[in-house]
Each structure stands twice: as structure tokens, then as C-alpha cells.
Amino acid sequence: MFTSVLLLWICLCFFIMQFRCRRPKNFPPGPIALPLIGNVLNLSLDNPLKYFESLRRTYGNVYSLFLGPRAAVVVSGTQALREALVNKAVDFAGRPQDMFINELVEKKGLILADYGHKWKEHRRFSLMTMRNFGMGKDSMEQRILKELQYTINELKKKTDKTLSGQVMFHNMASNVICLILFGKRFEYDDEFMKKYVHCITEVNKIVNGPWTFLYDSFHCIRRLPLPFNKGFKMWQTLKSMTVSVINEQMKTRVPEQPQNFVHCYLDEMDKRANDGTSFSSDELLVSCLNLHVAGTDTTSNTLLTGFLYLLTKPHIQERCQKEIDQALEGKGVVSFEDRHNMPYVQAVLHESQRVADTVPLSVFHATTRDTELMGFSIPKGTLIIPNLSSALSEEGQWKFPHEFNPENFLNHKGEFVKPDAFLPFSAGPRVCLGEGLARMELFLILVTLLRKFRFIWPEDAGEPDYELVFGITVTPKPYNMKVELRAPQ
């Protein structure tokens with residue numbers, strides 16, 4: 240009997256040793272991982288940032304953990320992030336290609352494309368197209384200001400009433416992207432856009448949910464009828480709706496006279512028709528969806544965070560308004576160039592981005608070849624998680640790392656400065672494609688609205704809750720606001 244139990248125990252230990260999660264030689268250290276499931280039991284899917292921070296304190300700025308049987312390296316802190324994303328940019332510029340989100344978009348589109356020829360072609364084209372929209376009579380700036388006028392008209396109807404900041408900022412950001420992509424905007428109560436936003440919200444919930452995590456970790460369950468299948472159905476609905484808008488633009492298109500992103504892409508397809516190009520109707524479709532999702536949530540959530548603090552810290556709002564009034568005296572509308580005369584407003588905007596921490600874990604990267612980071616060896620194809628949140632609140636990098644304070648971006652002379660730890664858009668070749676648009680949008684919206692209105696925390700709203708809700712993009716909890724029309728300045 241004893242011999243049988245001993246043999247069984249030896250066999251069990253041997254089995255566990257064979258299937259335990261193993262780290263290669265000189266791989267970043269990390270917590271002990273269970274066979275097959277890795278560190279899943281320790282990872283809070285509602286918000287893994289606290290667990291990541293505890294591991295960082297134990298193992299340093301570069302450590303590893305196992306998502307199921309798959310090893311991942313988490314990179315934290317300004318120094319390690321810049322070494323990976325900037326100094327060794329090509330080594331860390333890949334994307335994992337076998338996750339739920341890749342299957343969802345059928346491995347198409349710019350954001351999730353692996354580092355290579357297709358990605359370089361589309362990245363170069365998209366950057367050039369966005370820059371071109373920065374010039375001319377129908378420039379990006381003009382598109383933003385036109386949309387702002389609709390918001391101003393809506394706010395004038397609601398002065399002294401309570402309204403949802405979440406709905407207002409989301410509608411505004413969504414329409415700016417639609418103007419750039421399709422050359423058209425939607426009314427705020429349009430049924431098409433309501434359904435579109437609902438589908439995007441549901442897909443985001445699924446992508447950030449536990450079933451998607453299981454899908455990514457355990458390939459054996461992918462064909463089972465589990466809740467992640469709802470994501471594929473919602474995505475098909477989004478594709479169908481986007482195709483209908485693209486088809487409208489194809490009818491209005493005049494070759495070589497593009498009015499929006501879709502027209503520019505179709506022109507590019509024509510130019511490259513015979514050169515084996517990666518440009519195609521399917522890539523256009525997913526690129527439009529990528530840009531709409533990425534450009535709406537990040538901007539609206541940053542504004543939502545910024546205005547939460549402006550509402551609850553009225554002295555900051557008043558100081559912004561004073562600077563705006565002085566800088567724009569005699570001017571009809573604000574220009575993006577006016578930011579150079581508004582250091583405090585710039586500081587408030589950047590502090591809003593820092594505290595909003597909108598994409599805390601960036602989009603996951605993968606190594607394109609065997610490489611090293613901070614003395615550790617990392618094999619080709621390793622999943623990399625850039626913890627941008629760690630830099631945005633890093634001790635020693637900020638004067639006030641754990642509170643909302645515009646002084647984080649002002650020097651002793653009151654001049655605007657941007658520390659190296661400011662990485663909300665990531666860095667390197669994978670830096671956010673829409674950074675230029677986001678910076679312009681945030682500035683023009685904030686300045687225009689603060690010039691026209693005073694924003695007030697409702698008396699019956701209770702104490703403000705500054706806690707953020709984790710997701711693909713982080714967002715404040717929903718709140719309401721009141722607005723008052725300011726006297727003309």
C-alpha cells in the first residue's frame with residue numbers, strides 16, 4: 240500500500256513538473272505559476288493594475304507572469320518603458336496574433352497588425368492622410384470647431400439644467416471622428432449612431448471580460464458555444480453598419496479630390512491596383528472601425544475626467560477661464576496655435592490625461608526577435624504588456640504623483656513643461672496614430688467650452704467619486720453637471 244501511494248505521488252509530481260509553467264534561462268522573474276492555469280487565480284480581471292503594482296514592488300520594473308500556460312513580460316516605470324518602446328523600438332514593435340481581438344477583426348486593420356510591410360504601408364498612409372486634413376479650408380481644426388458649435392447650441396438649451404457629461408463628450412468625439420472618416424456627422428439622437436455606439440460598448444465589455452481572457456489563455460475552448468461568441472455577432476453588426484456608410488461615400492467620391500479618409504483610401508487603392516498592395520476593401524472597413532473606436536473612447540473619457548476635476552475644484556476652472564479670456568481677447572474663435580499663450584490650460588489638459596490614465600496597459604506588444612531588456616533575455620514572440628499607468632504615477636517623476644495638480648506640468652516660472660514620464664499615447668513606432676488629433680481636439684474643446692460656460696457640480700449630487708472604472712479604456716463613473724452661460728468676455 241505504501242509503495243503504491245509513493246509511486247502515485249512520484250507520478251503526480253512528475254506530471255506537474257512536465258506541465259508547470261517554466262521560465263527560460265535569464266527570463267524576467269515573477270510569481271510561481273500553477274500548471275496550465277498560470278497566475279490566473281491571482282489576477283483580478285476587474286482591475287489587474289493593483290496586482291501588477293504588487294508584483295512590481297516584489298520583482299522590479301521588468302517581471303513575468305503566466306496567462307494560462309503563456310508567459311508574458313510586464314514592463315513598468317519610465318526608464319524600462321522607454322528602453323523597450325524607444326531605444327529598442329523594433330525589437331518590441333510586434334503584436335500578438337493569436338488572441339480574441341485578432342480573431343474578432345480577422346487579423347486586419349492597422350492597430351493590431353503585426354510589425355511588417357502591411358503595417359508600415361498603412362501606418363505611413365494614415366499619418367500622411369491625417370496630416371493633410373490639418374491643412375486647407377476644411378482642415379481638422381475647422382471640423383472640430385464646427386462640431387463644437389452643435390454642442391454649444393445644445394448646452395445653451397440646457398443652462399441651469401442637469402445633464403450627462405458622458406453622453407455629451409462621447410457624442411462630440413464620435414462626430415469628430417465621423418467627419419474625418421466619412422465627411423459626415425450624425426445628430427445626437429440619431430438611431431443609427433445610438434445602435435452603433437451600443438454595439439461598440441458591448442464589444443468592449445466582452446473584449447475586457449473574463450471569457451475573453453479564457454479564450455486567450457486556453458485554445459481548447461475556442462470552438463465551444465460560450466459567451467465570447469456574442470462579441471463576434473456584435474462585430475458583424477458593426478461591420479455591416481460601417482459598410483453601409485462606406486458605400487455612401489463611394490457614391491459621392493470624385494477620384495483625386497478626396498474629402499475624407501474613405502476617399503483617400505480608395506484613391507490609394509486605385510494607385511496601387513497592380514503592385515500587389517495590402518490595401519483592400521476589407522482593410523478599409525476594419526481601419527475605419529479601429530479609428531472610430533480608438534478615437535472616440537480615449538478622447539471622451541479624458542474630457543470626462545478633466546471636467547470632473549474642473550467641476551469639483553472650481554478654483555482651477557476659474558484660473559483657466561481667466562487665462563483664456565486674456566489670451567483670446569478680441570478673437571472670435573480659438574486656434575490650436577493659441578495653446579502657446581496658455582501654459583496653465585495646457586497644464587490642466589495634460590494633467591487630465593495623466594490622471595485619466597485612459598489606456599493603462601496600452602495595446603499589448605510582442606517581441607519581433609530575441610532581445611534583452613534591463614539585463615534580462617526575452618525570446619522572440621514573447622507577449623509584452625507595457626504598464627503605462629506605472630509611469631503616469633511614478634514616484635520621483637512627478638511633483639504630485641497621486642493627486643490632480645496642474646503644477647505637475649509647470650516649472651518654477653509658471654511655464655508649461657512635459658516630463659519624460661508622460662506616456663498616455665505610448666511611445667516609439669507604435670505611438671498612438673491619433674495623438675495629433677487628440678491633442679488638438681482636447682485643447683479646442685476645453686477652451687471653447689470654458690470660454691462660453693461655467694460648469695457646476697450639482698448641489699444634490701453628493702460627494703464626487705474619483706475612482707476610475709478599468710476596461711480597454713479607463714473611464715470615470717457616470718456623473719451629471721450643470722452649466723451656466725458666462726457673460727461675453
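Take 240 as the starting number for the sequence shown in our numbering and just add one per residue.
Glycine included, C-beta positions come from ideal geometry on N, C-alpha and C.
>> Using the Cβ count rule (16 or more neighbours within 10 Å means buried), how would you classify residue 406?
In response: What you label residue 406 is simply residue 167 of the sequence shown in a count that begins at 1. That one is exposed.
> Which same chain residues, not among the five before or five after residue 575, have their C-beta less than 7 Å away from its C-beta?
Replying inline: Translated into the one-based positions of the sequence shown, residue 575 becomes position 336. If we look at residue 575 and ignore the five residues flanking it on each side, its Cβ neighbours are 380, 679, 682, 683.
> Would DSSP call residue 720 helix, strand or coil?
Replying inline: Locating residue 720 in the sequence shown gives position 481, counting from the first residue. Strand.
> Which stretch, first to last residue, makes up the beta strand (DSSP E) that contains residue 329?
Replying inline: In the sequence shown, counting from the first residue as 1, residue 329 sits at position 90. Element bounds for residue 329: n/a, residue is neither H nor E.
> Within 10 angstroms of its Cβ, does residue 333 collect 16 or more other Cβ (buried), or is it exposed?
Replying inline: One-based indexing of the sequence shown puts residue 333 at position 94. By the 10 Å Cβ count, residue 333 comes out buried.
>> Relative to the C-alpha of residue 658, which candidate in 532, 725, 630 has its C-alpha closest?
In response: Numbered from 1 along the sequence shown, position 419 holds the residue referred to as residue 658. Closest option to residue 658, Cα to Cα, is 630.
>> Only counting the same chain, and skipping five residues up and downstream in sequence, which positions put a Cβ closer than 8 Å to that of residue 691?
In response: Walking along the sequence shown from the start, residue 691 turns up at place 452. Taken in chain order, the residues that qualify are 391, 394, 724, 725.
> DSSP state of residue 637, grouped into three classes?
Replying inline: If you number the sequence shown from 1, residue 637 lands on position 398. Residue state, collapsed to three classes: strand.
> What runs of the alpha helix (DSSP H), each 4 residues or longer, lie entirely inside the stretch 329-402?
Replying inline: If we require 4 residues or more, the alpha helix (DSSP H) runs fully inside the stretch 329-402 come out as 339-343, 356-371, 379-396.
> If you draw a straight line from the alpha carbon of residue 246 to that of residue 274, how long is it in whole angstroms?
Replying inline: Position 7 of the sequence shown, counted from the first residue, corresponds to residue 246. Position 35 of the sequence shown, counted from the first residue, corresponds to residue 274. Bear in mind that a pLDDT of 47 at residue 246, under 50, signals an unreliable position, so the model cannot answer this.
> What's the C-alpha gap between residue 250 and residue 634?
Replying inline: If you number the sequence shown from 1, residue 250 lands on position 11. If you number the sequence shown from 1, residue 634 lands on position 395. With a pLDDT of only 45 at residue 250, under 50, the local geometry of the prediction cannot be trusted, and no value is derived from it.
> Considering only C-alpha positions, which residue in the set 701, 585, 287, 283 is nearest to residue 600?
Replying inline: Within the sequence shown, the letter at position 361 stands for residue 600. Answer by Cα proximity: 287.
> Alpha carbon to alpha carbon, how far is residue 399 from residue 688?
Replying inline: Taking the first residue of the sequence shown as position 1, residue 399 is located at position 160. Taking the first residue of the sequence shown as position 1, residue 688 is located at position 449. Cα to Cα, the separation comes out at about 15 Å.
> Considering only residues of the stretch 639-706, which uninterrupted alpha helix (DSSP H) runs meet the minimum length of 4 residues and lie entirely inside it, listed in chain order?
Replying inline: 674-691
>> For residue 580, count the other beta carbons within 10 Å of its own beta carbon; 16 or more makes it buried, fewer makes it exposed. Which is it?
In response: Reading the sequence shown from its first residue, position 341 is the one you call residue 580. So residue 580 counts as exposed.
> Straight-line CA distance for residue 489 to residue 282?
Replying inline: The residue given as residue 489 occupies position 250 in the sequence shown. The residue given as residue 282 occupies position 43 in the sequence shown. When rounded, the distance between both Cα atoms is 47 Å.
>> Per DSSP, what are the beta-bridge partners of residue 426 in this structure?
In response: Here residue 426 refers to the residue found at position 187 when the sequence shown is read from its first residue. Partner(s): none; residue 426 has no beta bridge.
>> So, under 8 Å CB-CB, residue 339 and residue 451 are touching, yes? Tell me the CB distance rounded to an integer number of Å.
In response: The sequence position of residue 339 within the sequence shown is 100, counting from 1. The sequence position of residue 451 within the sequence shown is 212, counting from 1. With a Cβ gap of about 5 Å, residue 339 and residue 451 count as contacting.
> Are the stretch 703-714 and the stretch 583-592 touching by the rule of at least three beta carbon pairs closer than 8 Å?
Replying inline: no
> What residues in its chain sit with their C-beta under 8 Å from that of residue 547, if we drop five residues either side in the sequence?
Replying inline: On the sequence shown, position 308 is the one that residue 547 refers to. Here the set comprises 404, 703, 705, 715, 718.
> residue 519 by DSSP, collapsed to three states: which one?
Replying inline: Numbered from 1 along the sequence shown, position 280 holds the residue referred to as residue 519. Reduced to three states, the DSSP call for residue 519 is coil.
> Is residue 313 helix, strand or coil by DSSP?
Replying inline: Taking the sequence shown and counting its residues from 1, one reaches residue 313 at position 74. It is a strand residue.
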